[in-house]
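These notes concern the structure reproduced below.
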Amino acid sequence: MEVGDLFSFDKMIAPAIVKPLYWILLILIVLSGVWGIVTGFFWFANDYDFWQGMSVMFGSIIWIALAVPLLRIAAELTLVQFEVREKLKNAEAAPQQLS
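Throughout the sequence shown, residue numbering follows the numbering used here, covering 740 to 838 in sequence.
See below:
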């Protein structure tokens with residue numbers, strides 16, 4: 740990708756951004772889930788409310804289990820939109836002959 744690509748709309752830069760953004764968000768989701776599990780563990784291990792600690796741990800596990808696949812689906816849907824655009828652009832550039 741060149742500097743000129745940033746100022747023209749001939750080449751899309753979003754597909755190049757989606758994959759690194761996916762990995763950054765995936766790491767943040769997992770870290771926040773692990774943080775919640777550790778926090779919940781310390782809540783019920785250090786004389787805080789047992790059920791509150793368990794609910795934080797359980798909620799963090801559910802957060803990871805739901806957020807990771809939803810993030811993947813969102814990233815794939817975004818990339819599919821750009822692939823469709825490229826295929827339409829290629830089909831428009833080389834129209835087929837009807838015989």
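For each residue, glycine too, the CB sits at the ideal point set by N, CA and C.
Between residue i and the rest of its own chain, which residues show a CB-CB distance below 8 Å, the 5 nearest in sequence each way excluded?
i, result
"A753", "T817, F821"
"D788", "W782"
"F780", "G792, M796"
Determine the DSSP secondary structure at residue i, reduced to helix, strand or coil.
i, result
"P834", "coil"
"K826", "helix"
"M751", "coil"
"F789", "helix"
"F746", "coil"
By Cβ distance, which residues of its chain are closer than 7 Å to residue i, with the 5 residues on each side in sequence left out?
i, result
"L765", "V807, L810"
Please work out which residues of its chain come closer than 6 Å, Cβ to Cβ, to residue i, disregarding the five sequence neighbours upstream and downstream, and give them in chain order.
i, result
"I803", "G772"
Taking 8 Å as the cut-off, decide whether the C-beta atoms of residue i and residue j are in contact.
i, j, result
"A794", "I776", "Per the sequence shown, residue 794 should be read as Ser rather than Ala. No; because the gap between Cβ atoms is not below 8 Å, this pair is not in contact."
Is it true that the region 810-821 meets the region 757-764, where meeting means three or more beta-carbon pairs spaced less than 8 Å apart? yes
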